[in-house]
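Peer 1: Please find one structure pasted underneath; my questions will follow.
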Amino acid sequence: MIVSIDWLKEYIDIDMPLDELADKLTIAGLECVVKEVGKSIPQGVVVGKVLEKKAHPNADTLSVCKVDVGREEVLNIVCGAPNVDAGQFVPVATVGTQLTPDFKIKNAKLRGEPSEGMICAEDELGLGNDHAGIIVLEGEHKLGTPYDDYFASSKILDIDITANRPDAMSHWGVAREIAAISGKIFKKAAIDLVENGPDINELTKVTVAAPEGCPRYTARVIEGVKIGPSPQWMVDRLEAIGLRSINNVVDASNYVLMETGHPLHAFDLDNLKDRSINVRFAAKNEKLETIDHKERELSEDMLLICDGTSAIALAGIMGGTESEVSDSTVNVLIESAYFTPAVIRKGSKQQQISTDASKRFERGTDPNETLVYAQDRLASLILELAGGTLAKGMIDIYPEPITAKTAELRIEHVKRVTGIEISKEECKTTLERLEFEVIKDENNTLTVTIPTFRPDVEREIDLVEEVLRINNLDKIPSMSRMTISVAEEYDKFHPFLTDMRNFFVGYGMHEAVNNSLVNEAVATSGIWGYTPLKILNPLSVEMNMLRTDMIQPLLSSLRLNALKKRNNIRLFELANVIERNDYTDTHAIEHYNLGVLFSAPVFGLNWTGEDKAADIFYMKGILEHLLGSLNFNYKLKENTNRDEFEILYDIVVKKAVVGKIGQYKMEQFEKLQLQYPLVVMELQVGKLFNWHNVKKQYDPIPQFPSIFRDMSLVMDKTSKAAGIFNEIKQNGGKYLVDLVLYDVYIDDEKLGKDKKALSLRLEFRSDEKTLKDEVVDNVMNKLFERLKNQYGAQLR
Amino acid sequence: MMGDKYEKNCDMIKDTILEVQKQFKEALAKVQEAFALEEIKNTFLGRKGKVAGLFSMMGEVPAEERKDLGQLLNKLKIELQSDFDAKVSEFTSSSSKKEWVDYTLPGYSMPKGSRHPLTQAVDDMLSIFQRLGFDIAYGPEVETDWFNFESLNFPPNHPARDMQDTFYTEGGGILRTHTSPVQTRYMSKHEPPVRVVAPGRVFRNEAISARSYCLFHQIEGLYIDTDITFADLKGTIELFCRMYYGKDVKIKFRTSYFPFTEPSAEIDVSCFLCGGKGCRVCKNTGWLEIMGCGMVDPNVMKAVNYDPEKYTGYAFGLGVERMVMMRLGINDIRTLFENDVEFLKQF
């Protein structure tokens, strides 16, 4: 919202610098900056005096002038204007002036005569269209003065008004704030109305059928107005705050709105059927064409201003075309009303229009003094600008007057909240300057009446804010000692996640952050098969559901990177995935998950010549590292439900599937021309966090030496390593502490067709004694016998 | 018979010496790993080893031959020991390897991972608040209207709701528009004192542009106890800013409006780039808006059955993206959610 400083001065003296004023208003809650509007003359244009004028030797229309701009050197300027003459004070654009973005004044020669600047006409300075001659200043002037100084272009405050302060959306409101800050007196214009016309009740009739939407409605009538342009002062005022002048009546109505903050409406009385007004809610299927020439379909909770037969305005939001004041209007009905904020807000949301009126009504206007003042003020302005005769009396329908509330302010409570002492006297002064009335002052407690233009103030705490924000907020000290309350328990989840993030960073992975909002295709192909939760009012169909897994969004990130020809992609992300579940309040269950995706080499090209791809086995190694360090036992169970995977496993912990790990079929991503296998993993880390155990006590350090035994087994190529491992682990006896597979060898000639050899190293150790070879040999023999029987394995 | 007295003569022993020497060299040549050396040492050079065995034969040769034999055996012992030492050093010191190595070759390339600047900033900020004694709390991203708005003193049909454009989900939920519902969620489960910060994703139904995204991260702070004042709030925020931006940072409070705090304020910090002189980042104002805060509104306390006459408290909330973008000079917020590895790997 914009207020003009010039205009503000009608209501308040401003004697502090504007920047300081803006700072103080900002701290008090009206965040604002000082701006200049109007003409701005480029730097370099200064006042000069023409000392001498001579005809140009080579051109009839040009003259050569000596111009003094207050410098040591007198300038030589060639001028084409017919009106230039010696003795004139003129604006001079000196060398270096950037007159327009593509016109810079330089030293030049015009028809052979040197010219060191330009004497300017109106249009050249952007001050008008006149190019008939140069501007000639009246009177004597100091030479060299920046010409800009002659234009007290109007200064404005551009203010961000918070949603709780409808009262501040006017020059009055800002003036009142300045009064509170500076102690200057806020004064309103006096109104002297002469009611010369007939009784208003003879001219019109008002009924309010919906008092719940319109608690107060007032009307005045002026007959015989003459619609015409507004005087210049009015045009200037409105233009300074960004409003276009329309005609004297409409301008007057806007003027009073911007002055008092109370929206008004002027109707052409002759266009009202039955010359009457009725305020009611819309009927089913009712329509209205508003002044923006839109045909609007109205719902039944839309409040309307109607005439004898039909709707003529959306109450508090926008007028209709038919009753609009036009050039032919003679008789005017002025509406000043109070509409219920929630009703106006609903209507404006529904019709998707926000106007200067609706913005104020939906936040809450003053139903009392301001409403009546605005009515009278508009009537007097119309009479002044458009003439006419004011009917006697004002129609005022206000069945249940809204009375001012009172609240108490305990002075010690101010300290309890703010931490600083604000004296009772200061509290009282501030509140009174803000037009609160102190009606009782007892026991260090002020009882105040809250003005009805301040709907945001109701309670003691609101009064505390008032006395704090006016001149006290920056007085709160910066504490160097504070007490803290100690929590019983401190969160461990975040550190857990941080560790996990650093774990993956250690594997050379980049942490990603993906949008939670995805399209239907992404949401429905989630790895968990959850039903997605839909957004009812999405920004676009590309973001109409919540993600159901981590992998699909990571695949989107992969695509983006692959299209940019990045081919070393390792990403992980930690975030919530959402499962629709109709048994919760919000129909959602959130799972905090980890997603990992890579299509990358283990190390990348290097001089050893090895450029191994990171494949499913690499991911399995990472999983083993991660879950192992969290002390989890887990199993991998092959999952054959997803065709797009070359191999996919469910990760099972405590009999629950807590994750997925898999490698995609390459042909699924042919278009991306990936250079390395695409491997993914997803883990429900929120669940794992709840389950994981921190190791509580150490295991004794082994005292006795280990015995290592190698075993190389030849078996069918299709025998599964996992089975062999299980077999060995289950039957290796209590001394088996480790098992490593260190070679897989396939050679049809040496081993036989469809055979393979697995080389395993087993480590045996006892915590009580040095193991004897015979004991270990015995175990090894038994193991071999089992493997021979179960898998047909032979020793190599 | 003199000769009968001695079972062996020098020549016989010389053969044995040669045999031992041969065995030793063969054994040494076979050694592949360092641990096998120990065995050789024991077998040949040890106290009960074969060389010692030869020395013990000295008594079995005639006295006049003993001197020669002694010299022979010493020579053998020295030779074997020296061969053995050479072998040992082959294993222990690569410098004895003859093969020339180019040590100027680069190290094996290890892929370098990186944290996302957003989660890193969240971590940095949380760790500061943890040092100030705050616990961490969490809340759901799909919220109820009650927690997101009503409990926070946003009445239905109040224009304050327009401050936050909301996504509605099927079944009556909403995507939380701020982390503030964690306040009332936490308070409804804990008795005062409460002192928590809550990080998380929040959502706004705003057109996506360089300046705004439908998703961003916030950190919420809440402290409720007896005797908590605005001065505590100011002190805490100043401390946070000094720890995050450096000790010379200046901060400024200005009155603002949030339904769930009263009085409410916005906090500006002096621009970290220009120190307050005015630059591109701060749009020549010298100040950067970093968070909103205020004293917890009595209506919020009442919503969770806290007694506002007994307790006071403060709350604050900051937007992580804004702070990260200012810090890193990122002009387009979408950069943070694209996951281009050329962007990610910079951090």
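Sequence lines, in order, name chains P and W. So the first sequence is numbered by our numbering: it starts at -16 and just counts up by one. So the second sequence is numbered by our numbering: it starts at 15 and just counts up by one. Every residue gets a Cβ at the ideal spot worked out from N, C-alpha and C, and that includes glycine.
Within 10 Å of its beta-carbon, does P:Asn147 have 16 or more other beta-carbons around it, so buried, or fewer, so exposed?
Peer 2: buried
Peer 1: In the DSSP assignment, find the unbroken alpha helix (DSSP H) run with W:Asp131 in it and report its ends.
Peer 2: Rather than Asp, the amino acid found at residue 131 of chain W in this sequence is Pro. Here the alpha helix (DSSP H) through W:Pro131 covers Pro131 to Arg145.
Peer 1: Roughly how many whole angstroms lie between the Cα atoms of W:Gly214 and W:Leu253?
Peer 2: When rounded, the distance between both Cα atoms is 22 Å.
Peer 1: When burial is assigned at 16 or more other CB atoms within 10 Å of the CB, is P:Arg360 buried or exposed?
Peer 2: buried
Peer 1: Name the DSSP beta bridge partners of P:Ala390, please?
Peer 2: P:Val431
Peer 1: Within this structure, are the beta carbons of W:Val65 and W:Lys91 separated by less than 8 Å?
Peer 2: Contact check for W:Val65 against W:Lys91 passes: the beta carbons are separated by less than 8 Å.
Peer 1: Any C-beta of chain W within less than 7 Å: which residues of the stretch 508 to 538 of chain P qualify?
Peer 2: Leu516, Lys517, Ile518, Leu519, Asn520, Leu522 and Met526
Peer 1: So with CB distances below 9 Å, who are the chain W contacts of P:Asn498?
Peer 2: Tyr227, Cys228, Leu229 and Phe351
Peer 1: List the residues of chain P whose Cβ lies closer than 7 Å to the Cβ of W:Lys359, in chain order.
Peer 2: His493
Peer 1: What's the C-alpha gap between P:Arg779 and P:Pro688?
Peer 2: 27 Å
Peer 1: If I follow the unbroken beta strand (DSSP E) through P:Cys15, where does it start and stop?
Peer 2: Glu14 to Glu19
Peer 1: For P:Leu354 and P:Arg199, which I take to be in contact (beta-carbon distance under 8 Å), what is that distance rounded to the nearest angstrom?
Peer 2: 7 Å
Peer 1: Grab me the residues of P:Val524's own chain with a C-beta within less than 7 Å of its C-beta, minus the 5 sequence neighbours each way, in chain order.
Peer 2: Asn502
Peer 1: Give the list of continuous beta strand (DSSP E) stretches no shorter than 3 residues that lie fully inside the stretch 34 to 121 of chain P.
Peer 2: Counting only runs of 3 or more, we get 46 to 51, 58 to 62, 72 to 77, 81 to 83, 91 to 93, 96 to 98 and 100 to 102.
Peer 1: Let me know the secondary structure DSSP gives P:Ser165 once reduced to three states.
Peer 2: In this structure, P:Ser165 counts as helix in the three-state DSSP scheme.
Peer 1: Rounded to whole angstroms, what's the CA-CA distance from W:Asp346 to P:Pro65? Just pull it up for me.
Peer 2: 55 Å
Peer 1: Please name the residue in P:Met241, P:His248, P:Glu242 and P:Thr292 whose C-alpha comes closest to that of P:Ala266.
Peer 2: P:Thr292
Peer 1: DSSP beta-bridge partners for P:Trp674?
Peer 2: None, per the DSSP bridge assignment.
Peer 1: Closer than 9 Å by beta-carbon distance: list the chain P residues that pair up with W:Met177, in chain order.
Peer 2: Thr145 and Ala146
Peer 1: Flag this pair as yes or no: are the beta carbons of P:Tyr(-6) and P:His245 separated by less than 8 Å?
Peer 2: no
Peer 1: At a CB-CB cut-off below 7 Å, which residues of chain P make contact with W:Leu140?
Peer 2: His477
Peer 1: For P:Lys329, go through chain W and note every residue whose CB falls closer than 7 Å to its CB, in chain order.
Peer 2: Asn171
Peer 1: Give the interface partners of W:Lys126 over in chain P, defined as CB-CB distance under 8 Å, in chain order.
Peer 2: Gly491
Peer 1: If we ignore side chains and look at the alpha-carbon of each, how far apart do P:Val232 and P:Asp445 end up?
Peer 2: 39 Å
Peer 1: Quick check on P:Phe344: buried or exposed, where buried means 16 or more other Cβ atoms within 10 Å of its Cβ?
Peer 2: Buried, because 16 or more other Cβ atoms sit within 10 Å of the Cβ of P:Phe344.
Peer 1: Roughly how many whole angstroms lie between the Cα atoms of P:Asp51 and P:Gly95?
Peer 2: Cα atoms of P:Asp51 and P:Gly95: separation of roughly 22 Å, rounded to the nearest angstrom.
Peer 1: Roughly how far, in whole angstroms, is the beta-carbon of W:Gln232 from the beta-carbon of W:Leu332, given that I think they are within contact range, below 8 Å?
Peer 2: 7 Å
Peer 1: Identify the contact partners of P:Ile10 in chain W, using a Cβ-Cβ distance below 7 Å as the criterion.
Peer 2: Arg268 and Thr269
Peer 1: Between which residues of its own chain and P:His675 is the CB-CB distance below 7 Å, once the five residues before and five after are set aside?
Peer 2: Leu613, Asn614 and Phe615
Peer 1: Rounded C-beta distance between P:Asp474 and W:Asp138? I'm assuming under 8 Å.
Peer 2: With a Cβ gap of about 16 Å, P:Asp474 and W:Asp138 do not count as contacting.
Peer 1: List the residues that DSSP assigns as beta-bridge partners of P:Asp379.
Peer 2: P:Thr201
Peer 1: Do we get a CB-CB distance below 8 Å when we pair P:Glu768 with the residues of chain W?
Peer 2: no
Peer 1: Taking only the alpha-carbon atoms, compute the straight-line gap between P:Lys603 and P:Glu746 and give it to the nearest angstrom.
Peer 2: 22 Å
Peer 1: Does W:Gly17 pass the burial test, meaning 16 or more other C-beta atoms within 10 Å, or should it be called exposed?
Peer 2: Bear in mind that the predicted position of W:Gly17 carries a pLDDT of just 46, short of 50, making it unreliable; the figure below should be weighed with that in mind. Counting Cβ neighbours within 10 Å, W:Gly17 comes out exposed, since fewer than 16 surround it.
Peer 1: P:Val560 to P:Ser(-13), Cα distance in whole Å?
Peer 2: 52 Å
Peer 1: For a test of the three-state rule: what should DSSP assign to W:Phe267, helix, strand or coil?
Peer 2: strand
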